[in-house]
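Protein chains: 2
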Amino acid sequence: MSKAIDFYFDFSSPYGYFASTRIDDLAAEYERKVNWHPLLLGAVFKTTGGVPLPMVPLKGEYAYRDFERTARFHGIPFRRPANFPLATQLAARAMLWVREQHGEAKAVEFAKAVYRAYFVDGVNIADTDAIASIAAAQGLDAASVIDGANSAPVKERLKGDVEAAMARGVFGSPFVIVDGEPFWGFDRFDQLEALLKDGKI
Amino acid sequence: MSKAIDFYFDFSSPYGYFASTRIDDLAAEYERKVNWHPLLLGAVFKTTGGVPLPMVPLKGEYAYRDFERTARFHGIPFRRPANFPLATQLAARAMLWVREQHGEAKAVEFAKAVYRAYFVDGVNIADTDAIASIAAAQGLDAASVIDGANSAPVKERLKGDVEAAMARGVFGSPFVIVDGEPFWGFDRFDQLEALLKDGKI
């Protein structure tokens, strides 16, 4: 089997969410595995000087329109969240803890549920109770997930993961690396697919 | 005939160049006219706090790779210019003067020649002699083009055009507005085409 696809995303990123609805099917089509890596864009932006799109003059209004139009264009359910962007440390750490305790498949299921809660159901995923509810709905023990997410080793793990991602050149969400080739943005999935299909691009 | 497509671009923008190789054919397919508007991203970035892509940590290296890969993917001739980015006032003003004196078709021909010189032939288009040569190769009187480009009314016109673009929400290159719908980026040409085809998106 060929090398895995590394998929980096921030839970507060609409384009990361769009990518999360497609990456597994795309990978499966070309017999690839996907490794899901939650990111903290806030930490990345400290290095790149980046600013969340909606806070940039002129770009902000366009960004909201593009989120909704891109969702329609690709047939992805989307509702503009009231709280946007928001802190995603808790969600990211909870995902790492779920992976550690229950494996990759369960962690990915949890991640998809978090994204859906935020970008479809309007849930404030920065809220501890919200993450607990999502965990419970996934058949996980909510209290353990929250405790685990807030534990020192998981916090350190996430910090290390984000640093490792930046060391590989990751600076946005979604960001995909496959066979050493980096792709930034859901709008590069056409080029990503070309690489998977042809082995080069 | 339906309303024209407004196409905004900076002569130093690779994605603007890619878009310039496609916009006229795309418009023709849906019986639309294109109005070409040269922009000065430097002036726009003063408002948005934007920075040229290659100067952003992490993003910079990726940007060059993405320029080349996107060109290959779409089959567009491209060679990374030695001087990048560079000042595009002279090229933009020259285009406005050519339009004033010789009409839209000649101005668009000139614009395409400037883009090709920069992104295919490696010409430094910030240089007065280079713009003069391009003008001459287009059958224009080089000295008149340079004098016209440096005249006060043309300078004022470009300043006003850039301000008018920003007032419409334009903040990047390429930027297309059609039937009131804004599209930022060559990677939104799929959505632009959907609007032209279906009348909505």
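Chains A and B, in that order, give the protein sequences.
Going by numbering that gives the first Met the number 0, the first residue of the first sequence is number 0, and it counts up by one from there.
Going by numbering that gives the first Met the number 0, the first residue of the second sequence is number 0, and it counts up by one from there.
The beta carbon of each residue, even a glycine, is placed where N, CA and C say it ideally should be.
1. Do you know whose CA, among 195/A, 175/A, 98/A, 16/A, lies nearest residue 75/A's CA?
2. Less than 7 Å between the beta carbons of residue 46/A and residue 56/B, yes or no?
3. Please name the residues in the region 49-60 of chain B whose beta-carbon is closer than 9 Å to at least one beta-carbon of chain A, in chain order.
4. Taking C-beta to C-beta, are residue 113/B and residue 10/B nearer than 7 Å?
5. Got a sec: is the Cβ-Cβ distance from residue 22/B to anything in chain A below 7 Å?
6. Check whether chain B comes within 7 Å of residue 200/A, counting only Cβ atoms and requiring the distance to be less than that.
7. The region 180-197 of chain A: which residues have C-beta closer than 7 Å to a C-beta of chain B, in chain order?
8. How long is the line joining the alpha carbons of residue 97/A and residue 109/A, rounded to whole angstroms?
9. Taking DSSP's pairing of strands, which residues face residue 180/A in a bridge?
10. Using the beta-carbon of each residue, which ones in chain A are nearer than 8 Å to residue 10/B?
11. Against residue 72/A, what residues of chain B qualify as contacts under a CB-to-CB distance less than 8 Å, listed in chain order?
12. Quick one: using the 10 Å Cβ neighbour count with 16 as the cut-off for buried, is residue 152/A buried or exposed?
13. Please list, in chain order, the residues of the region 62-96 of chain A that have any C-beta partner in chain B closer than 8 Å.
14. For residue 33/A, which three-state DSSP category applies?
15. Return the chain-ordered ranges of every alpha helix (DSSP H) run that is complete within the region 118-187 of chain A and spans a minimum of 4 residues.
16. Note the first and the last residue of the continuous alpha helix (DSSP H) segment covering residue 23/A.
17. Using a Cβ-Cβ cutoff of 8 Å, what residues of the region 146-174 of chain B are near chain A? List them in chain order.
18. Cα separation between residue 144/B and residue 123/B?
19. Can you check whether the CB of residue 6/B is closer than 7 Å to the CB of residue 119/B?
20. Quickly, what does DSSP pair residue 8/A with across the bridge? List them, please.
21. Taking contact to mean at least 3 C-beta pairs separated by less than 8 Å, is the region 79-92 of chain B in contact with the region 35-55 of chain B?
22. What are the residues in the region 126-144 of chain A lying within 9 Å of chain B by C-beta distance?
23. Between which two residues does the alpha helix (DSSP H) holding residue 94/A run?
24. Between the beta-carbon of residue 148/B and the beta-carbon of residue 141/B, is there less than 7 Å?
25. Can you check which of these residues, 189/B, 199/B, 166/B, 104/B, is closest to residue 18/B by C-alpha distance?
26. Just reading off the alpha helix (DSSP H) that residue 3/B is part of, what are its end residues?
27. According to DSSP, is residue 83/B part of a helix, a strand, or is it coil?
28. For the alpha helix (DSSP H) that residue 64/A lies in, which residues bound it at each end?
29. Quick check: what's the CA-CA separation for residue 193/B versus residue 157/A?
30. Can you tell me where the alpha helix (DSSP H) with residue 15/B in it begins and where it stops?
31. Find out if the Cβ-Cβ distance for the pair residue 208/B, residue 104/B is shorter than 7 Å.
32. Would a C-beta distance cut-off of 7 Å place residue 26/B and residue 4/B closer than the cut-off?
Inspection of the coordinates gives the following:
1. As a working mapping, residue 75/A is identified with position 76 in the first sequence. When only C-alpha atoms are compared, the closest one is 16/A.
2. Here residue 46/A is taken as the residue at index 47 of the first sequence, counted from 1. Here residue 56/B is taken as the residue at index 57 of the second sequence, counted from 1. Result yes, Cβ atoms of residue 46/A and residue 56/B sit closer than 7 Å.
3. 49, 50, 55, 56, 57, 58, 60
4. Sequence index remark: in the second sequence, residue 113/B carries index 114 (1-based). Sequence index remark: in the second sequence, residue 10/B carries index 11 (1-based). Remark: C-beta atoms of residue 113/B and residue 10/B approach each other more closely than 7 Å.
5. As a working note, residue 22/B is residue 23 in the second sequence. No, residue 22/B does not count as interfacial toward chain A.
6. Taking the first residue of the first sequence as position 1, residue 200/A is located at position 201. At least one chain B Cβ lies under 7 Å of residue 200/A.
7. Per Cβ criterion, the list reads 181, 183, 186, 190, 193.
8. Residue numbering aside, residue 97/A sits at position 98 when the first sequence is read from its first letter. Residue numbering aside, residue 109/A sits at position 110 when the first sequence is read from its first letter. Using only the alpha carbons, I get a separation of about 8 Å.
9. By one-based count along the first sequence, residue 180/A stands at place 181. DSSP lists 177/A as partners of residue 180/A.
10. In the second sequence, residue 10/B corresponds to position 11, counting from 1. Chain A residues near residue 10/B: none, gap ~20 Å exceeds 8 Å.
11. Residue 72/A sits at position 73 when you count from the first residue of the first sequence. Here the neighbours are 189, 190, 193, 200.
12. The sequence position of residue 152/A within the first sequence is 153, counting from 1. By the neighbour-count rule (16 or more Cβ atoms within 10 Å), residue 152/A is not buried but exposed.
13. 64, 65, 68, 69, 71, 72
14. On the first sequence, position 34 is the one that residue 33/A refers to. In the structure shown, residue 33/A sits in a strand (DSSP, three-state: E or B).
15. 127-136, 141-148, 151-166
16. Your numbering for residue 23/A matches position 24 in the first sequence. Start and end: 22-28.
17. 165, 168, 169, 170, 171
18. Looking up residue 144/B in the second sequence gives position 145. Looking up residue 123/B in the second sequence gives position 124. Their backbone Cα atoms lie some 17 Å apart in a straight line.
19. Walking along the second sequence from the start, residue 119/B turns up at place 120. Walking along the second sequence from the start, residue 6/B turns up at place 7. No, they are not a contact pair.
20. The residue you call residue 8/A lines up with position 9 of the first sequence. In DSSP, residue 8/A forms a bridge with 37/A.
21. Yes: at least three Cβ pairs fall under 8 Å.
22. Of all residues in the region 126-144 of chain A, none is placed with a Cβ closer than 9 Å to any Cβ belonging to chain B.
23. On the first sequence, position 95 is the one that residue 94/A refers to. 88-101 is the extent of the alpha helix (DSSP H) around residue 94/A.
24. Counting from one through the second sequence, the residue named residue 148/B turns up at place 149. Counting from one through the second sequence, the residue named residue 141/B turns up at place 142. With contacts defined by Cβ atoms closer than 7 Å, residue 148/B and residue 141/B do not form a contacting pair.
25. As a working mapping, residue 18/B is identified with position 19 in the second sequence. Nearest option by C-alpha distance: 189/B.
26. One-based indexing of the second sequence puts residue 3/B at position 4. Run containing residue 3/B: none; DSSP gives neither H nor E here.
27. Along the second sequence, read from residue 1 onward, the residue named residue 83/B stands at position 84. Residue 83/B: coil per DSSP, three-state reduction.
28. Taking the first residue of the first sequence as position 1, residue 64/A is located at position 65. Counting along the chain, the alpha helix (DSSP H) containing residue 64/A begins and ends at 58-73.
29. For the purposes of this step, residue 193/B is taken as residue 194 along the second sequence, with counting starting at 1. For the purposes of this step, residue 157/A is taken as residue 158 along the first sequence, with counting starting at 1. One Cα belongs to residue 193/B, the other to residue 157/A, and the distance between them is close to 40 Å.
30. Start at 1 with the first residue of the second sequence, and residue 15/B comes out as number 16. Its alpha helix (DSSP H) spans residues 13-19.
31. There is no way to answer for residue 208/B, as the model of chain B reaches only from 0 to 200.
32. Position 27 of the second sequence holds residue 26/B. Position 5 of the second sequence holds residue 4/B. A contact, by the Cβ cut-off of 7 Å.
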